[in-house]
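All remarks here apply to the structure that follows.
Number of protein chains: 2
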Amino acid sequence: MDNMKQNITYSRIEAPALTVVQGFAAAGVHCGLKRSSRDLALLYSEKPASAAGVFTQNRVQAAPVQLCRARIGNPIRALVVNSGNANACTGAKGMENAQEMAALAAAALGIDPGEVLVCSTGVIGQQLPIDRIQAGIRDAAAALSSSYQSGQDAAAAILTTDTVTKQAAYRGSLPEGSFHLAGMAKGAGMICPNMATMLAFIATDVQIARPLLQQLFQEAVDRSFNLITIDGDTSTNDTALVLANGAAGVEITPGSPGLDLFAGLLNRVCRDLARQIVSDGEGITKVIELTVRGAADEAAARVLARTVLNSPLVKTAFYGEDANWGRIMAALGYAGVPFDPEQVDIFIGPVQVASRGGAVPFREEEAKAVLQQREIAVTVDLNAGSAAVTAWGTDLTHEYVTINSHYRS
Amino acid sequence: MDNMKQNITYSRIEAPALTVVQGFAAAGVHCGLKRSSRDLALLYSEKPASAAGVFTQNRVQAAPVQLCRARIGNPIRALVVNSGNANACTGAKGMENAQEMAALAAAALGIDPGEVLVCSTGVIGQQLPIDRIQAGIRDAAAALSSSYQSGQDAAAAILTTDTVTKQAAYRGSLPEGSFHLAGMAKGAGMICPNMATMLAFIATDVQIARPLLQQLFQEAVDRSFNLITIDGDTSTNDTALVLANGAAGVEITPGSPGLDLFAGLLNRVCRDLARQIVSDGEGITKVIELTVRGAADEAAARVLARTVLNSPLVKTAFYGEDANWGRIMAALGYAGVPFDPEQVDIFIGPVQVASRGGAVPFREEEAKAVLQQREIAVTVDLNAGSAAVTAWGTDLTHEYVTINSHYRS
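So the sequences go chain by chain: A and B. The first sequence: position 152 = 800 (the working numbering), numbered continuously. The second sequence: position 281 = 929 (the working numbering), numbered continuously.
Set out below in structure tokens:
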């Protein structure tokens, strides 16, 4: 994607919002699930859109996740999202409420309930106050617009205690026309007690068949949202969705010249949002970008990277700005993936701290200078092949413990 | 074991030490690996002992672990243990040093180097100062005795920053005579930066063939040390060893009447030591005893229990004394084991907090009263079978972060 062919170019949109995508309107309102901030978002597509989704691997799946899984193959016209209540561990009543949310949105928009997807995030184990949801959907439907501000309102309404909205948008240009791709997300990890869930919603105005969209999206998610970790806790509600409504008049097919550009921009939007989520992780002081390279295959590199980034001992070492490569070696060792410990090189920034699995002399002050930064690049070279993966994690801090040991309320 | 047959009884020894076991002598000395406290332990058996061992699953295995694995089938006369340096990630030189430790102990004791096992715990990635080890082994060999105090000295010398020694001992009585079983251990988790390793050493004076001893020990370890977790980080040096020297004149065979008693006491010693390790976990304020029952099989129950006890969100909730059952449900869900979320009941102490996967009304103050205790029993009932497992974990505290973010020194 770095060497675009003539007439195939792209640009990053500096003021991103889902509403930059043609044929999409959005709204974000307050309906009383949270004390005062916006807590219900609505996204509407003028035309039926192809939808693709990637959902939590957790065996405990919230009602809206089950609803989305069942409907993802339909043409989709709308998405309704509430924050403040996860509608998880809520049984048959919870599923009724998720269906009711879709039905209320469908009625307000004059579309079919089967064309509506639903997501929820917030407290686990409490039933949704459906009367407030009903009022929220009514207000949101009335407020729908394709303005920049409406996009901001929707991005704000899906947050729990994230400190900032997460958005990204690109414009792609092909000889036959231009298209847009934009996304919004909310934080991973339990940013507040009982507040679960990573949510990511991406809209595009290309025309693309569902199977190809699902394939490209799964690849993009595997290289972005599936390579970030804040605390290793997989929520019951994690959902990433992409909607493609064809409003731009540009079609993406397996053989089309725009395929690489679209796939590349889909990757960029996902990675951009994923990094924004990590950067807003609970109580963090460091973002760790870990590259595992020289691996025999990408799947092994992926497991090793996630295991290192989930180790409490590695995470506290980064919090303490400690070039503690022994903890990285130990975490690699229990990842359950074969590799030769005596071939491993480890670098913190440009400073090599371990060679062939053992100590190597290095200047502590050089490593310290890297470790004092907020963003730290760490490289593990297995010297066993040519596969590589880059993943993102955080440190583990006193503030994380404070945030997550607060009583529910 | 609760219904002992006539003439088959046992008693707990109130002042436990390895040296209560006949035919074993011990010593613990200071040789300069740590600043001032004892850092080298020696255990000696008058007769060659059958040995069985269970070692770390970490792919990065310290040199002494590799040495023990290679020699565990030999008749064993001595065990030498140093704290303050893990001899891990130390390459060929590290293996030479582990062999040299065994050779030095063998020379001091007048036995064969193949009869000596070696363990190390402490900083990863630094070579052992073998001259200090040499002096320590010389002093320890001179100090060997079967006194109670020598047992205490050995138990102290294997610690890193554990705050107390961990010991347990039992006497078993059979019609043909009595025997002893005693153990000492050091803490799991990285109790100090870079200080790795759980170590457990058990001695007994029964006569038992190695294959049976290994089988019984593996079962006991699976129900004790393999069911505790403090931070989920598996060290490079974890080692549990049992030595049986036959000095009591009691033989345990697959058909002998004392088999159940011996196996039961081996389980008790292991569980007792395991609980002592958890109770001395780094920075903890709570010990959580989690029982997963109603499982289809024990293997599944084991994975579920460990996943819940390793969840940072579950651990911080207990630190905050929060009856946050939604986090327990979420952790069960990502354990990777099949179960039906809608059948799960959860109890905190006697208080049911979730029923069939959903909320159930309970009195917060009753749950709070349980959560304010230092030891908290939690029960997860899967309502799917008759298998059950009990595992032990801790909360995650500010003090844990403080301890583990300190700079190496």
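For every residue, glycine included, the Cβ atom is placed at its ideal position computed from N, Cα and C.
Cα separation between G739 of chain B and R707 of chain B?
Computed Cα separation, rounded: 14 Å.
What distance in whole Å lies between the Cβ atoms of A888 of chain A and V869 of chain A, which are believed to be in contact at a cut-off of 8 Å?
Confirmed, Cβ separation roughly 5 Å.
Pull up the distance between the alpha-carbon of R717 of chain A and that of Q705 of chain B, whole angstroms please.
Between R717 of chain A and Q705 of chain B, the C-alpha separation is close to 38 Å.
Output needed for A674 of chain A: all residues of its chain with C-beta closer than 6 Å, excluding positions within five of it in sequence on either side, in chain order.
So the list reads L666, T667, L691, S798, G799, A802, once near-sequence residues are dropped.
Can you grab the Cα-Cα spacing for the pair R950 of chain B / T1027 of chain B, in whole Å?
One C-alpha to the other measures close to 13 Å.
Note down, in chain order, each residue of its chain lying with its Cβ closer than 6 Å to the Cβ of L776 of chain B, except the 5 sequence neighbours on either side.
For L776 of chain B, where only same-chain residues beyond five positions count, the Cβ hits under 6 Å are N733, N735, N745.
By DSSP's criteria, Q747 of chain B is part of a beta bridge. Which residues make up the other side?
The partner list for Q747 of chain B (beta bridge, DSSP) is empty, contrary to what the question assumes.
What residues from chain A crowd round C737 of chain B, counting only those whose CB sits closer than 8 Å?
Within 8 Å Cβ-Cβ: G974, M977, P989, A1002, G1005, G1006, A1007.
Please tell me whether A965 of chain B has its Cβ less than 8 Å away from any Cβ of chain A.
It does: the Cβ of A965 of chain B has a partner Cβ on chain A nearer than 8 Å.
Whose CA, out of B:L752, B:V1037, B:N885, lies closest to the CA of A943 of chain B?
Closest option to A943 of chain B, Cα to Cα, is B:V1037.
Does Y796 of chain B come within less than 8 Å of chain A when only Cβ atoms are used?
It does not: the Cβ of Y796 of chain B has no partner Cβ on chain A nearer than 8 Å.
Under 8 Å Cβ-Cβ, which residues of chain B neighbour G773 of chain A?
W973, G974, M977, A1002, G1006, A1007, listed in chain order.
According to DSSP, simplified to helix, strand and coil, what is E694 of chain B?
Three-state result, E694 of chain B: strand.
Along chain A, which residues have their Cβ under 8 Å away from the Cβ of Q705 of chain B?
What Q705 of chain B touches in chain A: Y982.
Following the continuous alpha helix (DSSP H) through M832 of chain B, name the residue where it begins and the one where it ends.
Segment 825 to 834 is the beta strand (DSSP E) holding M832 of chain B; no alpha helix (DSSP H) there.
Just list the residues that DSSP pairs W973 of chain A with in beta bridges.
Answer is none; W973 of chain A lacks a bridge partner.
When you compare only the Cα positions, how much space is there between G981 of chain A and L1030 of chain A?
One C-alpha to the other measures close to 12 Å.
For D779 of chain B, count neighbouring Cβ atoms within 10 angstroms of its own Cβ and tell me buried if that reaches 16, exposed if not.
Burial call: exposed.
Between the segment 912 to 928 of chain B and the segment 859 to 876 of chain B, do at least 3 Cβ pairs fall closer than 8 Å?
With the cut-off at 8 Å, the segment 912 to 928 of chain B and the segment 859 to 876 of chain B touch.
Quick one: which unbroken alpha helix (DSSP H) runs of 4-plus residues sit fully inside the segment 736 to 801 of chain A? Chain order, please.
Counting only runs of 4 or more, we get 739 to 757, 778 to 791.
Under the three-state reduction of DSSP, which class applies to F672 of chain A: helix, strand or coil?
Residue state, collapsed to three classes: strand.
For T813 of chain B versus L829 of chain B, is the C-beta distance shorter than 8 Å?
The answer is no: Cβ separation not under 8 Å.
Name, in chain order, the residues that DSSP records as bridge partners for V677 of chain B.
Answer is B:L688.
Which word fits D945 of chain A, buried or exposed, when buried means at least 16 other C-beta atoms lie within 10 angstroms of its C-beta?
Exposed.
Work out the CA separation of G912 of chain A and A947 of chain A for me, nearest whole Å.
Taking the straight line joining both Cα atoms gives about 21 Å.
Starting from E937 of chain A and walking both ways along the beta strand (DSSP E), at which residues does that stretch end?
First-last of the beta strand (DSSP E) with E937 of chain A: 935 to 943.
Is it buried or exposed, T657 of chain A, if we count other Cβ atoms within 10 angstroms and call 16 or more buried?
Exposed: under 16 other Cβ atoms inside 10 Å.
Who are the near neighbours of A700 of chain A in its chain, counting only those whose CB is closer than 6 Å to its CB and skipping five residues on each side?
So the qualifying residues of the chain are L861, Q862, F865, V890.
If you compare alpha carbons, which of A:G997, A:A751, A:H1046, A:I772 is closest to R1022 of chain A?
Selected option, being the one with the closest Cα: A:G997.
Given G1005 of chain A, which residues of its chain have a CB within under 6 Å of its CB, disregarding the five upstream and five downstream residues?
So the qualifying residues of the chain are P989, E990, V992.
Could you tell me if T901 of chain A is buried or exposed, where buried requires 16 or more neighbouring beta carbons within 10 angstroms of its beta carbon?
T901 of chain A comes out exposed.
If the criterion is Cβ atoms closer than 8 Å, does the pair R819 of chain B and V764 of chain B meet it?
Cβ distance not < 8 Å, so R819 of chain B and V764 of chain B don't count as in contact.
Counting only runs of 4+ residues fully inside the segment 960 to 1023 of chain A, write out the alpha helix (DSSP H) ranges in chain order.
With a minimum length of 4 residues, the continuous alpha helix (DSSP H) runs that stay inside the segment 960 to 1023 of chain A are 960 to 967, 973 to 981, 1012 to 1019.
Does any CB atom of chain B fall closer than 8 Å to the CB of L961 of chain A?
At least one chain B Cβ lies under 8 Å of L961 of chain A.
Could you list which residues in chain B have their beta carbon closer than 7 Å to that of L1044 of chain A, in chain order?
Those within 7 Å of L1044 of chain A in chain B are V1049.
To which residues of the same chain is R719 of chain B closer than 7 Å at the C-beta, ignoring the five residues directly before and after it?
These residues qualify, in order along the chain: G762, L765.
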